[in-house]
Amino acid sequence: MTDLGCSLLSCGLDDDREWAMDDYAGAVARWCAGCGDHAVLTAVQRVLESEQLPPEQTVFVSGIGCSSRFPHYLRTYGFHGVHGRALPIATGVKLRRPDLHVFVVMGDGDCCSIGAGHWIHTIRYNPGMVALMLDNGVYGLTKNQTSPTAPRGLPSNTQPRGAWLPGMNPLSVTLGVTNASFVAQTGDWNPAHLYATILAAYRHRGFAFVRVLQRCPQYTTALFDKAVRDPDLVELLVHPDGVTVPELDRIYKHQTRHDPADLDAARRLAEDGERIRLGVFYRNETHPVYEEVRHVPSRSAAEKLRLIEAELDRYAV
Ligand code: SF4
Numbered sequence: 005m006t007d008l009g010c011s012l013l014s015c016g017l018d019d020d021r022e023w024a025m026d027d028y029a030g031a032v033a034r035w036c037a038g039c040g041d042h043a044v045l046t047a048v049q050r051v052l053e054s055e056q057l058p059p060e061q062t063v064f065v066s067g068i069g070c071s072s073r074f075p076h077y078l079r080t081y082g083f084h085g086v087h088g089r090a091l092p093i094a095t096g097v098k099l100r101r102p103d104l105h106v107f108v109v110m111g112d113g114d115c116c117s118i119g120a121g122h123w124i125h126t127i128r129y130n131p132g133m134v135a136l137m138l139d140n141g142v143y144g145l146t147k148n149q150t151s152p153t154a155p156r157g158l159p160s161n162t163q164p165r166g167a168w169l170p171g172m173n174p175l176s177v178t179l180g181v182t183n184a185s186f187v188a189q190t191g192d193w194n195p196a197h198l199y200a201t202i203l204a205a206y207r208h209r210g211f212a213f214v215r216v217l218q219r220c221p222q223y224t225t226a227l228f229d230k231a232v233r234d235p236d237l238v239e240l241l242v243h244p245d246g247v248t249v250p251e252l253d254r255i256y257k258h259q260t261r262h263d264p265a266d267l268d269a270a271r272r273l274a275e276d277g278e279r280i281r282l283g284v285f286y287r288n289e290t291h292p293v294y295e296e297v298r299h300v301p302s303r304s305a306a307e308k309l310r311l312i313e314a315e316l317d318r319y320a321v
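Okay, so the sequence shown: first residue is 5 according to this note's numbering, each after it adds one.
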């Protein structure tokens with residue numbers, strides 16, 4: 005668990021504090037040069053700064069993988085967790101401390117494979133947090149194994165002749181779960197869209213799932229290379245309730261007006277198509293949020309002891 009030390013926590017907090025980007029900077033990021041994770045880290049720091057989130061009120065939870073090194077690179081609280089278990093850890097944090105700003109960072113292997121069960125149930129529980137799933141179609145940290153989202157035919161060390169199966173579509177999966185409330189997709193090579201999407205996710209009430217298409221120049225360069233070079237291969241979903249970035253109008257001519265309240269349309273648009281779609285697919289703030297419907301009141305140590313003793317007394321002989 006990252007510790008902020010006494011400078012923030014016990015040496016007197018000042019409500020007039022103003023946070024700058026540097027205040028959120030942790031250790032120097034050690035991802036490969038050109039890795040898309042660097043851009044995501046910058047976008048996240050911009051959101052923290054623009055929303056003026058106090059570092060001591062902000063928590064980043066991750067699993068295992070390249071992107072899961074995220075908490076080390078931010079000067080907030082952090083929990084570099086267990087493979088596939090970032091979401092239940094973060095849900096526990098949010099249930100106990102609903103006042104905290106909770107972010108989860110996972111890779112595609114982490115979320116869609118070993119963590120798939122937790123992923124499905126966290127969508128249904130709909131806790132108020134942002135989940136960033138950095139999808140590069142490969143297990144990068146362990147040096148190039150086929151992940152669940154690797155497209156059919158993509159070679160790796162474990163499937164050198166190419167992935168045998170079609171890749172899982174994380175957007176369609178998320179949109180198929182009861183109580184899903186926010187589903188978006190963005191790309192690390194588009195900083196304005198990346199920032200706007202993470203900001204919209206943060207401002208959402210409930211569980212905001214963002215799939216970030218993330219370049220891994222080490223192992224899966226081919227995955228997004230064409231779309232990075234040719235804006236004609238990208239389609240933006242635009243709507244006042246979604247993400248709209250006017251400065252992108254000149255670059256991306258394929259734009260579709262999509263109302264994120266329309267779940268059926270969101271499911272159709274989430275299917276793989278001719279172009280990569282970026283934007284908010286679905287947003288609904290009327291669904292139950294778990295920490296609100298399942299609020300557990302805080303009790304003093306003495307009260308907890310009294311309740312335990314009363315329970316044990318029921319079995320006294
Ligand atoms: Fe990034 Fe790929 Fe390097 Fe991992 S292996 S740090 S995902 S470029």
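Ideal Cβ placement from N, Cα and C applies to all residues, glycine included.
Every value quoted in this text rests on a predicted model; they were computed, and no experiment measured them.
Only counting runs of 4 or more residues, tell me where the alpha helix (DSSP H) segments fall wholly within the stretch 234-291, in order along the chain.
-> 267-274
Reduced DSSP category for G9 - H, G, I as helix; E, B as strand; rest coil | Start at 1 with the first residue of the sequence shown, and residue 9 comes out as number 5. At G9 the pLDDT is 49, less than 50, meaning the model places this residue with poor confidence; the figure from the coordinates comes in the next sentence. Coil, per DSSP.
C115 Cβ short of 7 angstroms to the ligand SF4 heavy atom set | Here residue 115 corresponds to residue number 111 of the sequence shown, with the count starting at 1. No.
Taking the runs of the alpha helix (DSSP H) that are 4 residues or longer, which of them lie wholly in the stretch 138-194?
-> 174-179
Per-residue DSSP class, three states only, for F64 | By 1-based counting over the sequence shown, the position of residue 64 is 60. Residue state, collapsed to three classes: strand.
R215 lies in the beta strand (DSSP E); which residues open and close that run?
-> Indexing the sequence shown from 1 puts residue 215 at position 211. Unbroken beta strand (DSSP E) run through R215: 211-217.
When you compare each of T126, V297, L227 to I93 by their alpha carbons, which one comes out closest?
-> Residue 93 sits at position 89 when you count from the first residue of the sequence shown. Measuring from the Cα of I93, the nearest candidate turns out to be T126.
Delimiting residues of the beta strand (DSSP E) encompassing V1 | The question about residue 1 has no answer here: the residues shown for the chain are numbered 5 through 321.
Buried or exposed by the 16-neighbour rule on C-beta atoms within 10 Å, applied to A24 | Your numbering for residue 24 matches position 20 in the sequence shown. Answer is exposed; the Cβ neighbour count stays below 16.
For F228, the three-state DSSP class (helix, strand or coil) | In the sequence shown, the residue the question calls residue 228 occupies position 224. Here F228 sits in coil by DSSP.
Would you report the Cα separation of R157 and A212, rounded to the nearest angstrom?
-> Translated into positions along the sequence shown, residue 157 becomes position 153. Translated into positions along the sequence shown, residue 212 becomes position 208. As written in the sequence, residue 157 is Gly, which differs from the Arg given in the question. Taking the straight line from one Cα to the other gives about 31 angstroms.
Leaving out five residues on either side along the sequence, give the residues of the same chain with a beta carbon under 7 angstroms from the beta carbon of F64.
-> Counted from its first residue, the sequence shown places residue 64 at position 60. So the qualifying residues of the chain are F74, P75, L78, T80, G82, F107, V109.
When burial is assigned at 16 or more other CB atoms within 10 Å of the CB, is V32 buried or exposed?
-> The residue given as residue 32 occupies position 28 in the sequence shown. Exposed.
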